[in-house]
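Same order as they appear, the protein sequences are chains A and B. Residues are numbered in my numbering as their position in the first sequence, beginning at 1, plus a constant of 152. Residues are numbered in my numbering as their position in the second sequence, beginning at 1, plus a constant of 152. Just so you know, even glycine gets a beta-carbon here, dropped at the ideal spot from N, CA and C.
2 protein chains.
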Amino acid sequence: MSLVIVGSVAFDTIQTPETRRERIIGGSCTYSALAASYFTRPRIVAVVGEDFPKPTADFLKKRGVDLKGLTVVPRGKTFFWEGRYGDDPNQRDTVRLDLNVFRDFRPTLPSSYRDPDILFLANIGPGLQEHVLSQVKKPRIVAMDTIRHYIESEPEALERVLQRTDIFFANDEEARLMTGELNLIRAGRRLVERGPRLVVLKKGEHGAFVFGRHWLFGIMAHPCDRVVDPTGAGDSFAGAFLGFLDRAGTLRSPAVRKAAVYGSVLASFTIEDFGIERFKTMKPADVEGRFAALKKLVSV
Amino acid sequence: MSLVIVGSVAFDTIQTPETRRERIIGGSCTYSALAASYFTRPRIVAVVGEDFPKPTADFLKKRGVDLKGLTVVPRGKTFFWEGRYGDDPNQRDTVRLDLNVFRDFRPTLPSSYRDPDILFLANIGPGLQEHVLSQVKKPRIVAMDTIRHYIESEPEALERVLQRTDIFFANDEEARLMTGELNLIRAGRRLVERGPRLVVLKKGEHGAFVFGRHWLFGIMAHPCDRVVDPTGAGDSFAGAFLGFLDRAGTLRSPAVRKAAVYGSVLASFTIEDFGIERFKTMKPADVEGRFAALKKLVSV
Chain A
153 MSLVIVGSVA FDTIQTPETR RERIIGGSCT YSALAASYFT RPRIVAVVGE DFPKPTADFL
213 KKRGVDLKGL TVVPRGKTFF WEGRYGDDPN QRDTVRLDLN VFRDFRPTLP SSYRDPDILF
273 LANIGPGLQE HVLSQVKKPR IVAMDTIRHY IESEPEALER VLQRTDIFFA NDEEARLMTG
333 ELNLIRAGRR LVERGPRLVV LKKGEHGAFV FGRHWLFGIM AHPCDRVVDP TGAGDSFAGA
393 FLGFLDRAGT LRSPAVRKAA VYGSVLASFT IEDFGIERFK TMKPADVEGR FAALKKLVSV
Chain B
153 MSLVIVGSVA FDTIQTPETR RERIIGGSCT YSALAASYFT RPRIVAVVGE DFPKPTADFL
213 KKRGVDLKGL TVVPRGKTFF WEGRYGDDPN QRDTVRLDLN VFRDFRPTLP SSYRDPDILF
273 LANIGPGLQE HVLSQVKKPR IVAMDTIRHY IESEPEALER VLQRTDIFFA NDEEARLMTG
333 ELNLIRAGRR LVERGPRLVV LKKGEHGAFV FGRHWLFGIM AHPCDRVVDP TGAGDSFAGA
393 FLGFLDRAGT LRSPAVRKAA VYGSVLASFT IEDFGIERFK TMKPADVEGR FAALKKLVSV
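#1: Quick one: is I337/A near chain B, going by C-beta distance under 8 angstroms?
#2: Output the distance between the C-alpha atoms of E440/B and L343/A, rounded to the nearest integer angstrom.
#3: Could you tell me which chain A residues have their CB closer than 9 angstroms to the CB of M372/B, listed as they occur along the chain?
#4: Starting from the C-beta of R94/A, find all residues in its chain whose C-beta is less than 7 angstroms away, skip the five residues before and the five after it, and write them out in chain order.
#5: In chain order, what residues of the stretch 413–428 of chain A put their CB closer than 8 angstroms to some CB of chain B?
#6: If you draw a straight line from the C-alpha of G353/A to the C-alpha of A322/A, how long is it?
#7: At 7 angstroms on the CB atoms, spell out the chain B contacts of R409/A, in chain order.
#8: Quick one: which chain A residues come within Cβ less than 8 angstroms of D239/B?
#9: Using the Cβ count rule (16 or more neighbours within 10 Å means buried), how would you classify R430/B?
#10: Please check if any C-beta of chain B sits within less than 8 angstroms of the C-beta of A447/A.
#11: CA-CA distance, L222/B and F231/B?
#12: Should V247/B be labelled buried (16 or more other beta-carbon atoms within 10 Å of its own) or exposed?
#13: Any chance the stretch 395–406 of chain B sits against the stretch 169–183 of chain B, with 3 or more Cβ pairs inside 8 angstroms?
#14: Where V253/A and H301/A are concerned, what is the direct C-alpha to C-alpha distance, given to the nearest angstrom?
#15: Cα-Cα, which of D425/B, G386/B and A187/B is closest to F320/B?
#16: Can you determine whether any heavy atom of the ligand MN sits closer than 7 angstroms to the C-beta of R292/A, and answer yes or no?
#17: Kindly identify the DSSP beta-bridge partner or partners of A198/A.
#18: According to the Cβ coordinates, are G359/A and G370/A closer than 8 angstroms?
#19: Could you please give the first and the last residue of the uninterrupted beta strand (DSSP E) stretch that includes P237/B?
#20: Suppose the cutoff is 7 angstroms on Cβ atoms and the five residues either side in sequence are ignored; what does the same chain contact list for G228/A look like?
#21: Closer than 8 angstroms, CB to CB, is D377/A near chain B or not?
#22: Look at F257/A and V199/A and say whether their C-beta atoms are less than 8 angstroms apart.
#23: Just how far apart, CA to CA, sit L446/B and D269/B?
#24: With which residues is Q167/B paired in a DSSP beta bridge?
#25: Is the stretch 373–384 of chain A close to the stretch 407–425 of chain B, with three or more CB pairs under 8 angstroms?
#26: Do you know whose CA, among R172/B, P259/B, A188/B and Q167/B, lies nearest S154/B's CA?
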C-alpha cells in the first residue's frame, strides 16, 4: 500500500468570531497527510520556504509522513493564507493570499513515489495535476480535489483531469458550480457521469454523500458542540478517506462506507482546535472510539 | 393505540420558482394525520369553514383518519396561507395569512378522544395547547410543535407547555431562537434539559437529529432529486414519527430510530408533489421500500 499526496503546505492566519491566530501551520497536504497517517504512511509532494519550522517537519515524520517529496526553497517564503470565518462555519472569506514559493511550484516526484497505489491530487491547479500525472506509472487509483478558483479559471484542464480521476472530492458549492445543478443529488450524479468511479460530496457540518456508479452512501458529520477552527476539515476528510482505502486495498462499497465514516471522524477532530493542534494529542484509540460512536449514532 | 392530533387544516397557495398552485389543501394537521395514517388511525382536532371540500374529507376518512374532532363552522371560511419559496427549499416567505375560522378556534375534544396514548399538539398557539391539555386524562405521551411566531410572542406559555411535553419538534431556526445557541448540537441538548424526553431537531434537506436524555440519533433526509413543493415536509415527518411510535408502543431508542427514518421517508414523499397529492398515490409498500433504501443508504 502507498498513498502519495500532492498539495499545499502553508502558514495560515485564522480569524474566527472569537479568536485570531497568526501564521499557524496549514495547507491541504498537511491536513490530509496527518489524517491519512492514522491508516497508512502517506508520502507528500509539496513546497515550502526556509521559514518552515523544523519542529513541524519533525512532527510530520513522527506521524509516519514521508517528506522525501517536500522541497525546501532556499531563501524562499512559505505559501501564506489568511481567512476569516463568520458565525456560519461553512462560510469563509479569504482576506489575503501570498503564493510565495508556491508560485513557481513544479512538483517533481522522487523516483520512489512514481508507482503509488493511490495518488491524491489535492488543491493545486489542474495544469500541475496533469504535470504530476505525467510522472507516475499508471496508479491504481487517482483522487482529486479542487477549489472554486480553478473551476472558474481553468475549466477545460480541470475536465481533462476529472476524466482521469477515480475519486473526486467536491464541496457543495463546487459541485453546484461545476454542474449548474442546485440540487446536490443531481449535481453528484452528473459528476459521476463525467468520469470518476466515486464522487465524494462534502457538506461541512451536514456530512457527506459518496456517489458510486450505482449506489449512494450518506454520512452525517460527527456532532461537534464547539467548532474552534473549521480550517482543514475537508482536507482531513479526504486524507482519512484515502488513507483508509489505501489500507483496505479496495473500492468496494463496504470499505468506501467505512472510509467516509473515518473521514467524518478525522474532520470532527480537526475542527476542535486551531490548525493541526488536535493531531498532536489525538491517539489511534480516540479515532476508533469516535468511529464506533458515529456508527452507533447513525445506526437504525 | 391511539394518536390525537390538534392543529391546522388549511388552504395553501404555493409559489415555487417554477410553478404556482392556488388554494390547495394544506395544514399541519392534514399533513401529519396523512403521514401517521400509514402506521395508525389518527384522530384529528381542527376547524374548517363550509368551503372545505367534501372529497378531501372523504379522502382523509379513506386513509383511516378519524374526523370526529373536525369542526365545520357554518358560513365560515377555512384558514388560508400563501407562501413563496426561492431556490433554497429550506427558506420560505409568508405572502399572506387569513386566519378566518382559525381566529376563534377553541378546540374541544370529543369524549372518545380524551384518553389518547399520544397527544400531538401541532402548530397552534401555546394557550390553545394548554387548553387542550386541560381536557385530556393524563396522556401517555405529549408531543408538541410550534412556530417562530409563538416563540417570539408567547415565550412563557410556550415554556409551560414544553415542561409538560415528552417529544418536542423544532426546526433548526426555532431551536436556535429558543436557546440562543447557534450550534445545533448545543441547542438540542439545551432543549432536552428544559423538560422533553426527546427533542426532534429537523434540518430540512439535511435530515434530523433526535436528542434523548443520554443518546443522540442522526438521520439524513432521503435524497430527493426533484423538490416540487417543500410544504408539509416537517409535519409529515412528525406525523410518521408519532404514528410509528403509536404503533410501536414504546419510546425506547431502537423504536425511536426507526420512527425517525419513517419520518424522513414520509417527508421525502410529500415534497415530490404539491400539497397532499403524493399521499393519493403512495402505497404502504412504497413506504416500506423507501424505508429499506434509506436504511441501506446510511448503513456502515
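Inspection of the coordinates gives the following:
#1: Yes, because at least one Cβ of chain B sits closer than 8 angstroms to the Cβ of I337/A.
#2: Approximately 30 angstroms between the Cα atoms of the pair.
#3: Those are H358, G359, F361, G370, I371, M372 and V450, listed as they occur along chain A.
#4: Outside the displayed span of chain A (153 to 452) sits residue 94/A, for which this structure offers no information.
#5: Listed in sequence order: V413.
#6: Here residue 353/A is Leu; the residue named in the question, Gly, does not match the sequence. C-alpha separation (whole angstroms): 5 angstroms.
#7: Chain B residues near R409/A: V452.
#8: Under a criterion of Cβ atoms nearer than 8 angstroms, the residues of chain A adjacent to D239/B are, in order, L334.
#9: The Cβ neighbour count for R430/B, taken over all protein chains shown within 10 Å, is at least 16; the residue is labelled buried.
#10: Before going further, note that residue 447/A is Lys rather than Ala in the sequence given. Yes, because at least one Cβ of chain B sits closer than 8 angstroms to the Cβ of K447/A.
#11: Near 13 angstroms, if we compare the C-alpha coordinates of F231/B and L222/B.
#12: Exposed, by the Cβ-count rule.
#13: Touching, no, given that fewer than three Cβ pairs across the two stretches are closer than 8 angstroms.
#14: Roughly 19 angstroms separates the two Cα atoms.
#15: When each option's Cα is compared against that of F320/B, the closest is G386/B.
#16: Absence of the ligand MN from the depicted structure is noted, as is the absence of any ligand whatsoever, leaving it without description.
#17: A198/A pairs with L222/A.
#18: Closer than 8 angstroms, so yes.
#19: For the sequence presented, residue 237/B should be read as Tyr rather than Pro. Counted as a single uninterrupted DSSP element, the beta strand (DSSP E) harbouring Y237/B occupies residues F232 to Y237.
#20: Around G228/A: G201, E202, N252 and V253.
#21: Taking 8 angstroms as the CB threshold, D377/A lines the interface with chain B.
#22: With contacts defined as CB atoms closer than 8 angstroms, F257/A and V199/A qualify as a contacting pair.
#23: When rounded, the distance between both Cα atoms is 28 angstroms.
#24: Residue pairing for Q167/B: DSSP places it in a beta bridge opposite R172/B and R236/B.
#25: Under the Cβ criterion (8 angstroms, minimum of three pairs), the stretch 373–384 of chain A does not count as touching the stretch 407–425 of chain B.
#26: Selection R172/B, P259/B, A188/B and Q167/B evaluated against S154/B yields A188/B as nearest (Cα-Cα).
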